[in-house]
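Read through the structure below, which is laid out as structure tokens, and then see the notes.
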Amino acid sequence: MSDGDTITVRQTANEKVKVRLACIDAPETSKRGQTGQQWGEQSANNLQKLVNEANNEVIVSIVDTDRYGRKVAEVFTSVNNQEKSLNEEQLTSGNAYLYHQYLKNCPNAEVFQRAEEIAAAKRIGVWSGDYEKPWDFRIRIKNQQ
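The opening residue of the sequence shown carries number 1 in the numbering used here; numbering runs sequentially from there.
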């Protein structure tokens with residue numbers, strides 16, 4: 001887990017693929033000597049916990065490929081025969097923001113919008129204060145370099 005919106009999945013015994021969770025943007029974690037954002041580690045840990053609860057087995061529904069070559073997907077787990085969307089869970093728990101500019105690629109856009117509204121109304125996670133959005137953080141860091 002590199003952060004709260006990206007996982008690495010093993011397709012075959014020798015092939016690993018980076019998968020970006022569609023339609024969400026999680027706070028950045030520390031990378032390459034760069035300090036991360038508040039909630040970045042919490043978001044990554046929550047995503048890891050969700051995957052662990054499903055014995056590290058996920059169902060990937062690819063919707064796109066991003067400019068970095070990562071597959072962009074809705075990712076699901078199945079625990080006790082109940083399917084769970086990791087994208088939706090990250091939003092509902094306040095561990096990610098809805099990535100509005102990519103909603104057109106989201107089969108479950110309305111579900112995701114509602115999930116974010118729930119977290120914002122409860123003022124949990126990234127909604128518990130006035131935190132810098134991940135997309136603004138990346139622009140600020142890029143401009144500082």
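Yeah, the Cβ is synthetic: ideal placement off N, Cα and C, and Gly gets one too.
query, result
"For the region 45–54 against the region 97–104, do three or more pairs of beta-carbon atoms, one drawn from each stretch, fall closer than 8 Å, so that the two count as touching?", "no"
"Decide if A22 is buried, meaning its Cβ has at least 16 other Cβ atoms within 10 Å, or exposed.", "buried"
"Considering only C-alpha positions, which residue in the set T8, V19, N108, T35 is nearest to I62?", "V19"
"Relative to the C-alpha of S43, which residue among T65, Q145, L86, N14 is closest?", "L86"
"Using the Cα positions of V145 and I24, report the straight-line distance between them to the nearest angstrom.", "A small correction: the amino acid at residue 145 is Gln; Val does not occupy that position in the sequence shown. Cα-Cα distance, rounded: 26 Å."
"Go through the region 17–66 residue by residue and report every complete run of the alpha helix (DSSP H) that reaches 4 residues or more, in order.", "40–53"
"Which one of N108, A109, N143, G94 has the shortest CA to CA distance from Q38?", "G94"
"Should N14 go down as buried or exposed, given a rule of 16 or more other Cβ atoms within 10 Å for buried?", "exposed"
"Hey, is G36's beta-carbon within less than 8 Å of any beta-carbon in chain B?", "No chain B appears in this structure, which consists of one protein chain only."
"Just the C-alpha distance for K16 and T8, rounded to the nearest angstrom, thanks.", "6 Å"
"With distances taken from CA atoms, which of G129, R70, E88, I124 is nearest Q113?", "E88"
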